[in-house]
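In the order they appear, the protein sequences are chains A and B. The end of the first sequence is residue 127 by the numbering used here, with every number in the run present. The end of the second sequence is residue 1127 by the numbering used here, with every number in the run present. We treat Cβ as the ideally placed atom computed from N, Cα and C, and that holds for glycine. Take a look at the structure below.
Protein chains: 2
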Amino acid sequence: MAKSRASQPTEVELQILRILWELGPSPVRNIHTRLNAEKGTNYSTTVKMLSVMLDKGLVKRDETASPHIYRPAMTREATGKRMLRDLVDKVYDGAAMSLVLQALASTKATPDELAEVRRLLDEMEGQ
Amino acid sequence: MAKSRASQPTEVELQILRILWELGPSPVRNIHTRLNAEKGTNYSTTVKMLSVMLDKGLVKRDETASPHIYRPAMTREATGKRMLRDLVDKVYDGAAMSLVLQALASTKATPDELAEVRRLLDEMEGQ
DNA sequence: TTGACCTAGCGAAAACGTTCGCTACACTGA
DNA sequence: TCAGTGTAGCGAACGTTTTCGCTAGGTCAA
Chain A
1 MAKSRASQPT EVELQILRIL WELGPSPVRN IHTRLNAEKG TNYSTTVKML SVMLDKGLVK
61 RDETASPHIY RPAMTREATG KRMLRDLVDK VYDGAAMSLV LQALASTKAT PDELAEVRRL
121 LDEMEGQ
Chain B
1001 MAKSRASQPT EVELQILRIL WELGPSPVRN IHTRLNAEKG TNYSTTVKML SVMLDKGLVK
1061 RDETASPHIY RPAMTREATG KRMLRDLVDK VYDGAAMSLV LQALASTKAT PDELAEVRRL
1121 LDEMEGQ
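Structure below.
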């Protein structure tokens, strides 16, 4: 059960995911240390959040290790992509391009990054 | 000091904003007709949501008009930009470019749109 | 063995978002 | 005036997310 969860990660869940993406697979203790530094919550809360996230399939854990080791179920990229699609749907009714342009226009990009975008464009036109 | 730390619009709030962006300034009745068509909720609910949104500063209203007229407090673009920034912060810790590239790469764009992106790039490099 | 300290988890409370019932008031046509 | 119809709003109920108190069990050194 608890398989195809369609809903986005919530605020705190995302906060925890970010920590996991940074730290890599970690025991609760390490995750908590970070989370607590960011928002001062209790150890119990961290444990609970992780268990909720486990139910939802947002994280996985290795229970053979003595302090259980948690790791994100999705990469940062996959999550970002998914949330972006959701944002585009909600605000622009699916017109992704509008948002890409928006994002580009409001970003201070380095020449390197701009070149990267160009390369990507070439690739897309090549298809 | 009106707009202090305004949180992001929630799901339904956004749905209403989207309707307002499309319809332009409207009385509750029109907003409700649309919202009801989308999710079958009650008229009371629409009124309540609008009052909550008024409190939060997400919409404004003209109370001199007989059926009060509501309008969005922010443009679609400003809201999209803001939410995007938030998403970038939450997922990528502020590295906007990663997400732009992501978005671009995962979008099926028409040649016209790609040309538009190119034009924007030229502009950015021109500066 | 005992005490200090850690991990793990349950269940309930608090906080927040969403929904609607019910009430009041304004306007219109008979 | 009065019934009928529409607008406005309060307050409570409900569901979900976030928080934590409390308990149980594991490890280790004295």
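Query, Result
"Three-state secondary structure (DSSP) of Glu-98 (chain A)", "Note on residue identity: the sequence assigns Ser, not Glu, to residue 98 (chain A). Three-state DSSP puts Ser-98 (chain A) in a helix."
"Whole-angstrom C-beta distance between Pro-67 (chain A) and Trp-21 (chain A), which should lie under 8 Å", "No, Trp-21 (chain A) and Pro-67 (chain A) are not in contact; Cβ-Cβ is about 20 Å, not under 8 Å."
"Ile-16 (chain A) vs Met-49 (chain A) beta-carbon contact at 7 Å", "yes"
"Below-7 Å beta-carbon distance, Leu-50 (chain A) vs any chain B residue", "no"
"Partners in chain B for Arg-118 (chain A), counting only beta-carbon separations shorter than 7 Å", "Leu-1121"
"Reduced DSSP secondary structure (H/G/I, E/B, other) of Asp-62 (chain A)", "strand"
"Own chain, CB closer than 7 Å to His-32 (chain A), minus 5 neighbours either side, in chain order", "Tyr-43 and Thr-46"
"Cβ shell of Arg-1029 (chain B) (< 7 Å), same chain only, five flanking positions each side left out", "Pro-1067"
"Closer than 7 Å to chain A by CB, Ile-1019 (chain B)", "no"
"Contact under 7 Å by Cβ, Val-91 (chain A) with Gly-1080 (chain B)", "yes"
"Secondary structure of Pro-27 (chain A), DSSP reduced to three states", "strand"
"7 Å CB neighbourhood of Glu-125 (chain A) in its chain, flanking five on each side removed", "none"
"Chain B contact for Val-91 (chain A) (CB, 7 Å cutoff)", "yes"
"As assigned by DSSP and simplified to three states, the class of Pro-72 (chain A)", "strand"
"Nearest-angstrom Cα separation, counted from Leu-54 (chain A) out to Gln-102 (chain A)", "35 Å"
"Per-residue burial, Ala-65 (chain A) [other beta carbons within 10 Å of its own, 16 or more giving buried]", "exposed"
"Backbone CA spacing between Leu-104 (chain A) and Leu-121 (chain A) [nearest angstrom]", "13 Å"
"Lys-1108 (chain B) (DSSP reduced to helix, strand or coil)", "coil"
"Asn-42 (chain A) in three-state terms, based on DSSP", "coil"
"Local Cβ density within 10 Å of Pro-1111 (chain B), reported as buried at 16 or more and exposed below that", "exposed"
"Beta-carbon spacing of Leu-87 (chain A), Leu-1087 (chain B) below 7 Å", "yes"
"Neighbouring residues, chain B, relative to Met-53 (chain A) (Cβ below 7 Å)", "Chain B residues near Met-53 (chain A): none, gap ~15 Å exceeds 7 Å."
"Beta carbon proximity, Arg-1005 (chain B) to chain A, threshold 7 Å", "Unreliable positioning characterises Arg-1005 (chain B) in this predicted model, as indicated by a pLDDT of 43, which lies under 50. The coordinate reading is nonetheless provided below. No, its Cβ sits nowhere closer than 7 Å to a Cβ of chain A."
"Contact with chain A by Ala-1109 (chain B), beta-carbon distance below 7 Å", "yes"
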